[in-house]
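One structure is given below, encoded as structure tokens.
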Amino acid sequence: MDPATFEPWRVPLAQWGLVQLVTGLTVALTPSQSIVRSMAAAIVIALAYSFQSHVAESFADTRAGGPLAAMCWVNVLNAIDMLVLSRVSYEAQVEWEAKKFGDGAAKKANSDSLKSTLFRRLLWSQNIAFNYRRINTPWQISRLPVFNSTNPQYVPTRLKFVLESSVKVCIAFLLVHLCTMDPSDPRMIGAIAELSDSKMVLAPWLHGTSANTILVHAMITISFGIVCRASIVGMYSLGGVVLVALGVYDPAEWPPVANSLTEAWSLTRLWGTAWHQVLRTLLVSNADFISFSVLRISPKSRWACYLRVLFAFTVSGFIHMGMDLAFGVPRATTGAVWFFCLQALGVMFESIFQSLFCTQIEKISPLFRRVIGYVWVALFLLWATPVWLNPIMLCLYKDGQRGMSPVPIIGDVLRAQVT
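So this is what it looks like as structure tokens:
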């Protein structure tokens, strides 16, 4: 391949990498209250802005530029949190480990040579820069999934972890295959004919949407949910298999990426417990800074909670819009921000509804409450997802790529029987 092909990538990729490098090194090598941290945060923002300015020119193929740009701004929020909000530091990490593992860890650290200590700092600096859930640190997220819900302290052996994760990878990739369909399949062609990238899909009652269109939306939404979940679990588990098998990480340092979907009997629990929490810390900390420090809203105020929810989901929408660009979806038609802002409104609606009818809700049996909750979540997602999914589907079909199957799981089985 011609080296000149990669020439336009050189500067923006270096800028992208420097965001993480500057963040990690500053966190590891400076005191938590150092003024250098604010300067480093400004440098990170400048690097990200420069990257964003060059990415459209350097990446003619937006499929690479979209997710890179999205993750660049994720890393900026992560940097702001670690550098100036949570004030993450290597000294605090060592102190926490000493308390957790006893004085032996501290004595061992003090007895090591300066060279060894510096090497550990440098390794830690790059680990913490990508450790979005702050696993095994004083800043670890409060809802970190565990290997066994009945025994939260349980950690599998290295061999068992690798075997179980390998099974997850196989199942995940199988589900992705079963829930996607070739664009030449007649059933896919028929489904695409029912889709529109108009935002009016959110108001089907205004233009007489047919039952068949609603059914197609429901089926591809189910496929989309399965593919998203399977892709996240599969890729995360694949990384765990490789890194844990090689001894780079211990099983305890690679907990499950998400809790069970059986926890999702409300939108609040779906996004706050059952789904992955990779972005939780960096979104919440920045939202709290805006609420408490900038707008001076009381932390106990319901408005502070609502602003946190709205900020988190809106930023998530823009991050996923970058993912849409990777599918070739034009900025004008992407519905990612719409979808995630609707989730914020749904979560706020739940909060208001529960506060208004808490007495009546308490009278309903826990099992029936869960059943109602599952139905509510399912219907809400079936209504809100097409505004995001339809433009993706249309672009995938236009490019001749596999899309979400209108006959999830059993589509290939039925096709085999017909042929």
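According to our numbering, the sequence shown holds residues 49 to 467 in order.
No residue lacks a Cβ here, since even glycine has one placed at the ideal position from N, Cα and C.
- Could you tell me which of G320, R169, V264 and L286 sits nearest to P434, measuring between CA atoms? V264
- Message: Since V92 and V122 should fall inside the 8 Å C-beta cutoff, what is the C-beta to C-beta distance between them, to a whole number of angstroms?
- Response: No, V92 and V122 are not in contact; Cβ-Cβ is about 12 Å, not under 8 Å.
- Item | Residue from I457, Q81 and L77 whose Cα sits closest to the Cα of G273 | I457
- With respect to the alpha helix (DSSP H) encompassing Y138, which residues constitute its N-terminal and C-terminal limits? Residues Y138 to F149.
- Three-state secondary structure assigned by DSSP to G370: In this structure, G370 counts as helix in the three-state DSSP scheme.
- Message: Report the start-end ranges of each beta strand (DSSP E) in the region 348 to 406 that is 3 residues or longer and not cut off at the edges.
- Response: none
- Find the nearest neighbour of I219 within the set I420, T71, N307 and A278, judged by alpha-carbon distance. A278
- Could you tell me whether the region 384 to 392 touches the region 360 to 368, using the rule of 3 or more Cβ pairs below 8 Å? Result yes; three or more Cβ-Cβ pairs closer than 8 Å.
- Message: On the DSSP letters alone, give me the boundaries of the alpha helix (DSSP H) that D336 sits inside.
- Response: R328 to D336
- Task: Per DSSP, which residues does M229 bridge with? Please list them.
- Result: G451
- Message: Assuming W319 is part of the alpha helix (DSSP H), what are its boundary residues?
- Response: No alpha helix (DSSP H) holds W319; DSSP gives it neither H nor E.
- Taking T74 and A62 to be in contact with their CB atoms under 8 Å, please state how far apart those CB atoms are, rounded to whole angstroms. At roughly 18 Å, the Cβ-Cβ gap does not stay under 8 Å, so T74 and A62 are not in contact.
- Item | Contact set for A90: own chain, Cβ-Cβ below 6 Å, skip 5 residues either direction | So no residue of the chain qualifies.
- Task: State the Cα-Cα distance for the pair D298 and V305, rounded to the nearest angstrom.
- Result: The straight-line gap from Cα to Cα measures roughly 15 Å.
- Item | Per-residue burial, S159 [other beta carbons within 10 Å of its own, 16 or more giving buried] | Residue confidence is low: S159 scores 47 on pLDDT, short of 50, so the model does not pin down where it sits. Its coordinate-derived value is still stated next. Exposed is the call here.
- Query: Any chance the region 428 to 443 sits against the region 246 to 259, with 3 or more Cβ pairs inside 8 Å?
  - Reply: As far as the Cβ criterion goes, the region 428 to 443 touches the region 246 to 259, which means the pair count is three or higher.
- Message: If distances are taken between C-alpha atoms only, which option among E145, L116, W172 and Y97 comes closest to M369?
- Response: L116
- Query: If we ignore side chains and look at the alpha-carbon of each, how far apart do V70 and E143 end up?
  - Reply: 23 Å
- Item | Boundaries of the alpha helix (DSSP H) in which S285 is found, first to last residue | Counting along the chain, the alpha helix (DSSP H) containing S285 begins and ends at A259 to A293.
- Would you call the CB atoms of V425 and A312 closer than 7 Å? yes
- Secondary structure at G256, three-state DSSP: helix, strand or coil? Looking at G256 - three-state DSSP - the assignment turns out to be coil, as it is neither helix nor strand.
- Query: What are the boundary residues of the alpha helix (DSSP H) that includes I440?
  - Reply: First-last of the alpha helix (DSSP H) with I440: P434 to K446.
- Under the three-state DSSP convention, the category W57 falls into: helix
- Is there contact between the region 436 to 453 and the region 236 to 243, where contact requires at least three CB pairs shorter than 8 Å? yes
- Item | For Q201, the three-state DSSP class (helix, strand or coil) | For Q201, the secondary structure class from DSSP, reduced to helix, strand or coil, is coil.
- Query: How is E242 classed by DSSP in three states: helix, strand or coil?
  - Reply: coil
- Local conformation of K208 per DSSP, three classes: helix
- Message: On the criterion of 16 or more Cβ atoms from any shown chain inside 10 Å, does L427 qualify as buried, or is it exposed?
- Response: exposed
- Please work out which residues of its chain come closer than 8 Å, Cβ to Cβ, to M229, disregarding the five sequence neighbours upstream and downstream, and give them in chain order. R235, M236, R450, G451, M452, S453, P454, V455 and G459
- Return the Cβ separation of L309 and A322 in integer angstroms, given the expectation that the two are a contact with Cβ distance under 8 Å. 5 Å
- Query: Looking at the structure shown, is Y297 part of a helix, part of a strand, or coil, going by DSSP?
  - Reply: coil
- With DSSP collapsed to three states, give me the class of A88. In the three-state reduction of the DSSP assignment, A88 falls in the helix class, which pools H, G and I.
- Query: Is F361 closer than 7 Å to A392 when the C-beta atoms are compared?
  - Reply: yes
- Helix or strand or just coil, what does DSSP make of A251? coil
- Query: If you check the beta carbons only, do V395 and L343 fall under 7 Å apart?
  - Reply: L343 sits away from V395, with the two beta carbons spaced by 7 Å or more.
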